[in-house]
Each structure stands twice: as C-alpha cells, then as structure tokens.
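Residue numbers (my numbering): 6 to 568. Yeah, the Cβ is synthetic: ideal placement off N, Cα and C, and Gly gets one too. Take a look at the structure set out below.
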Amino acid sequence: MTENASLTNIVLKTAGVFSSEQISRIISARAENPGMSLCEAAIKFGGHREIEVLAGVGSALGLEIIDLEHNQPTAEALTKIPASAVYQYNVLPYRCDGQSMTIVASDPFDTTPIDSLRLIANCPIKMALATKEEVEKAVKKYYGVGADAIEKMIEDDRYSVDDEFGAMTKIDVNEMGEEASIVRFVNQIIVEADRQGATDIHIEPQETELRIRYRIDGMLHKVDVPPQLNRLKAAIISRIKVMANLDIAEKRLPMDGRIGIRIAGQDIDIRVSTMPAAYGESISLRLLAKSGSFVKMADLGFNERDFAVVDKIIHRPNGIFLVTGPTGSGKSTSLYSFLHEVNKIDVRIMTAEDPIEYHMAGINQVQMHPDIGMTFALALRAFLRQDPDIIMVGEIRDRETAEIAINASLTGHMVFSTLHTNDAAGTFPRLIDMGVEPFLIASAVAGVMGQRLCRRLCPKCMKEVPLDMKYYTLNYAPEKNTVFEPNGCDACSRTGYKGRRALFEVLEVDEEIEGAIVRRENATEIRNRSLAKGMKTLREDGWAKAFRGVTSVKEIMRVTEDQ
Numbered sequence: 006m007t008e009n010a011s012l013t014n015i016v017l018k019t020a021g022v023f024s025s026e027q028i029s030r031i032i033s034a035r036a037e038n039p040g041m042s043l044c045e046a047a048i049k050f051g052g053h054r055e056i057e058v059l060a061g062v063g064s065a066l067g068l069e070i071i072d073l074e075h076n077q078p079t080a081e082a083l084t085k086i087p088a089s090a091v092y093q094y095n096v097l098p099y100r101c102d103g104q105s106m107t108i109v110a111s112d113p114f115d116t117t118p119i120d121s122l123r124l125i126a127n128c129p130i131k132m133a134l135a136t137k138e139e140v141e142k143a144v145k146k147y148y149g150v151g152a153d154a155i156e157k158m159i160e161d162d163r164y165s166v167d168d169e170f171g172a173m174t175k176i177d178v179n180e181m182g183e184e185a186s187i188v189r190f191v192n193q194i195i196v197e198a199d200r201q202g203a204t205d206i207h208i209e210p211q212e213t214e215l216r217i218r219y220r221i222d223g224m225l226h227k228v229d230v231p232p233q234l235n236r237l238k239a240a241i242i243s244r245i246k247v248m249a250n251l252d253i254a255e256k257r258l259p260m261d262g263r264i265g266i267r268i269a270g271q272d273i274d275i276r277v278s279t280m281p282a283a284y285g286e287s288i289s290l291r292l293l294a295k296s297g298s299f300v301k302m303a304d305l306g307f308n309e310r311d312f313a314v315v316d317k318i319i320h321r322p323n324g325i326f327l328v329t330g331p332t333g334s335g336k337s338t339s340l341y342s343f344l345h346e347v348n349k350i351d352v353r354i355m356t357a358e359d360p361i362e363y364h365m366a367g368i369n370q371v372q373m374h375p376d377i378g379m380t381f382a383l384a385l386r387a388f389l390r391q392d393p394d395i396i397m398v399g400e401i402r403d404r405e406t407a408e409i410a411i412n413a414s415l416t417g418h419m420v421f422s423t424l425h426t427n428d429a430a431g432t433f434p435r436l437i438d439m440g441v442e443p444f445l446i447a448s449a450v451a452g453v454m455g456q457r458l459c460r461r462l463c464p465k466c467m468k469e470v471p472l473d474m475k476y477y478t479l480n481y482a483p484e485k486n487t488v489f490e491p492n493g494c495d496a497c498s499r500t501g502y503k504g505r506r507a508l509f510e511v512l513e514v515d516e517e518i519e520g521a522i523v524r525r526e527n528a529t530e531i532r533n534r535s536l537a538k539g540m541k542t543l544r545e546d547g548w549a550k551a552f553r554g555v556t557s558v559k560e561i562m563r564v565t566e567d568q
C-alpha cells in the first residue's frame, strides 16, 4: 500500500462511519477510476449519505460542519473572493476570522481551493464543510446565477453599460454575439431554468434592476442574479434576440422567434416573445421539450366516473370532444394522452397545432403558419381530403374553424380540440356566441372536459392537519375530517409542493343535454342538469384530491371557483 493510500485508509478509519470492507471498496474504486475524487468514491461506495460522510471525515480532520440553510455568510467574506473563483472551485466564502477566512466546501480531501484562494484573498484560508447541493444553492443565492460570466462582461469594454443617467454607450453587436462570457451567462440562465423544471423564463427590465423570473409549477419565482446585471441588460437582450434570429435593431415592435438547444442530451424548443416596455424590451421564453414521455390517460388523475366517460368518448367513431380551461391549464397534455391512447396502426390521425409541443410517432402533425395563411381552418379543410379517422385541432378560435370541425364530426370523423371557457358547461353558450347554430352543436359535441392545474404536495414533507370547515362549501358532508398541507423540505426547495396535478370536470352530452343546448339554456342550467347525472365540478374533484393528500386546501381555493 502506497503512502497516500495508507493516509487515506487512516482518515477513513478515523471517520468512524466505514467498515473495513467499505474502506477497501472505496480505495479500489478510486484506483480504478482516476477521474473520481476520494470524496465522490466515499459517498458512492461507502454506504452512507453525503452528510454522514462529511460529518465523519470532518470530525477526523477537525473540520467544522456548517448548515448553510440556517446560517448566512458575512458580507465581508463574500466581497473578498470574486465570483469566477467561487464558481470555479464550488466553494462559499463564509466568514473572516481576524487575519484568516473560512470557506465552505463539499470535498474535505481537495486542498486545491485553499491553496488558490489564499493567494486571491491574501490571507490564510480555513475549510468548513457542507453538502455539494447546499454549497451550490448558497453560491447561486448570494452571488446570483451566472455571476462569473457577469464579472467578465463588466471587465470587457465592448459591452454596453448603462450609466447613472440611463445613457447607453455603443454596442459592437457582432463581437457581443460571439463573446464567450455573454453566451455562457444566457446559457446558464436557460440551463438553470430547465434544471428547476421551469416552463417559462421572463426577463423584465425595471428602473433599477433586470429582473429574471422562472415559472415553476405555475408560480413565478424570482431568480437570484448579480446586482450589477442591470448595467448589461442591452447586451443580454440582444444576445437572446441573436439566438432567436430576431432583428436586434428593432426595439419598438413586438417580435416572435424560436431557439433550438440541447440540454443534457434532450432537445429543447424555446419560443421567444419580445415586447417593448418602459425600461427596455421585456422577453418571455417558453421552454418545450421536443420529445418526452407522455402522461398515460390512466395517470392523469381521473376519478372512476370521469375515466369511464372520457374513455367511452375518445373511442367513438365520430363527434367532437372539447377540452376547456385557461392558458397553462394542461389542456395539451390531456389531448396528447388521448391521442396516445387511440394511436393504433389501423387509425389515421392528423393534428393541426400552433406550436407542435411534442412529437408523437405514428401521427401526422402539422405546424400552423398564420403569416402565410396556414390557419386552423385551412388545415381542417385540407385534412378532410387526407382520409383521417381522428383529427386534433389545437384550438377553436373562430366561427369558421368551429363550423368546419363540426362538419368534420358529422361526416364520420372524431375531432379533439380546445376552447377557452371558465368551465365545461360554458362551452355551449361560447360556441353559440361564435355564431354556430345550436342544433349543430347538439348533434356534433359528444362531451366537454374542463380542467385546471394545481400544485401537488411534496410527498416527503406534507403533514396531516384537521379540516377547517370554513373552507368547505360543498353541500354534503366531507369524506374525512383531516386534510394535508405543505411543510417544506430540501426535496421541494422549501415550497411544500413538487409537480402539478390536474383537476377535472367531465360533461357528457346525452339527449337531455342536447335538448337544453337547442333551447339555448344558459351555462348554469346545463351545469345543474349534468350535476344531477353525476358530474363532479372542478372544486369537488379538488376536494377529493385534497382528502387523499394530492394537494392542499389553499391550492383548491386558488384555482377553482365556488359553484
């Protein structure tokens, strides 16, 4: 055994958390994988959680363990080390102790940061320990995402910088678009959004800051970014416009573009929208995975009655099935799950989408281009000459599209589409308001499904609490006297929620509902008829999920109306 291996063996033994067999396995793995650090090998092959390994090794080496979640670094320490060095070594300057400084690292065996940072800070460096995830979170929190790239951009005179009066210096756009630092910063913002599961990125110039927010699980969260970012907003906005092939000289008109990138082996399609605002152009990025695992219909979260009704409707030979709800309520996900369910070798399916959010094998998907006249109505007309069995229209927006969809269903096709209404029953007055004859609606529409998305409780930290009856407004007794509420843990980033779940109300059109449509009854009357036949409202479905621990009462109140 070499001298280094002997020293490693002594440290691991002194840590008191590893058996002799585990130590041998760690040392062997380290020898077989030279690129793997000793700390990584100890965590992977030692049979213990990372914090347990750090606690044991830290005790053996006399290193302090710091809980970064509940302890903050000092302002003096944060200013002594530049962001580039902090990101390079993945350490957090924590406090200044007289003539020395303490940094928090995640690898107790790696002394490289101590040697390098001692020269940068010009003082002795002491090491403390925290988990890798805690260090990374803290660095992003106190320095901001992309702080190392921002430092480089500030140093470079070619970038536009706002002075205190708001005047702009000249920008060399060609150089700016190719410069590594700004490319790296924008990429870091996008990668971090994808890592956190964000669906949208909003870049919003304000009077004193450039605010960046991610939409995660339907809620907006502000991104920690370096305070000097506002000085570089013109360069950052121009870089995104270059990536989206937009005219960087045009700042007075809204524009739309797209960016195609690959993150961790997955292709991501980003839809870019710019809007002139008071302090600069506001940019919104919508992140769409080009391919991915589809949610099966059985996993959408239907109750037994709704699943049976939807399954019957989507397997009909003809008719229209409409999914309603506001933007971002999961309508596309539901439609794709239905298409996946009926996608068979003997069925020809054609879809008109704007945009195509997911690519499905075996289905003919057509992208709309309204600027050249390729609209939903034009696509629908063409589809009828293509011998389809099932047609999916991204959205019914006008009378022309609605009438063609109805005619398609009456001539032996099954049509899936979406409509923007508050609930399922409101679909029929909406179609009549578009100018469609009630008798055509009654004959063609087989069913309507309203839906909303609510945040799902984190299964690792949710807690059961007594039901507060002031929130319960249904006209029948609750099935339980307890519900669940969020608590917050590392797994859910202290929000108490992780992921989203859909709430549904499924209205089946039968002879009685057909008669009500022809008589032009209002939405309330049609809803009451459907409720008498067993339909559950969005709020009722929400309460059923709240009692099962899927979501919280506050989420139900937030996304549904009291009906």
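Contact check for L389 against I368 fails: the beta carbons are separated by 8 Å or more. For secondary structure counted as the alpha helix (DSSP H) over 4 or more consecutive residues, the region 173 to 244 holds these complete runs in sequence order: 178 to 183, 185 to 200. Excluding sequence positions up to five before and after Q104, its CB lies within less than 8 Å of the CB of C128, P129, all in the same chain and listed in chain order. By DSSP's assignment, H374 forms a beta bridge with M379.
CA-to-CA, the gap between R524 and S535 works out to about 16 Å. For the beta strand (DSSP E) assignment, the uninterrupted runs of no fewer than 3 residues enclosed by the region 426 to 488 are, from N- to C-terminal side, 450 to 462, 468 to 471. When the alpha-carbon of M540 is set against those of I187, I56, F312, G270, the nearest one is in F312. Pairing L327 with Q27, the inter-Cα distance amounts to about 59 Å. In chain order, R534 place their CB closer than 7 Å to the CB of E517, counting only its own chain and leaving out the 5 sequence neighbours on each side. Residue environment analysis places D392 among the exposed positions, since fewer than 16 neighbouring C-beta atoms fall within 10 angstroms of its C-beta. Here Q77 carries a coil assignment [DSSP, helix/strand/coil]. Annotation for T416: no alpha helix (DSSP H) segment contains it, and DSSP assigns it neither H nor E. The beta-bridge partner set that DSSP reports for Y502 consists of L462. When DSSP assignments are scanned along the region 326 to 355, the uninterrupted stretches of alpha helix (DSSP H) that are 4 or more residues long and fall wholly within it turn out to be 336 to 347. Within its own chain, no residue has a Cβ closer than 6 Å to the Cβ of I350 once the five positions on either side in sequence are excluded.
Annotated three-state conformation of I130 is strand, per DSSP.
The DSSP-derived three-state label of R263 is strand. Three or more beta-carbon pairs drawn from the region 488 to 498 and the region 542 to 562 are found closer than 8 Å, and the two stretches are therefore classed as touching. Distances from the CA of E138 to each of A430, I401, L97 were compared; the closest alpha carbon is that of L97.
Rounded to whole angstroms, the Cβ separation of V315 and F307 is 7 Å, and the two are in contact under 8 Å. Collapsing the DSSP output to three states places V144 in a helix. For the 8 Å CB-CB criterion, I354 and I409 do not form a contact. For R457, the closest alpha carbon among the candidates K468, L543, A430, N323 is that of L543. For a cut-off of 8 Å, the C-beta gap from I318 to G223 is around 27 Å, too long to register as a contact.
R291 sits close to T204, with the two beta carbons spaced by under 8 Å. With fewer than 16 other beta carbons inside 10 angstroms of its own, F444 counts as exposed.
A straight-line Cα-Cα distance of about 20 Å links A143 and G63.
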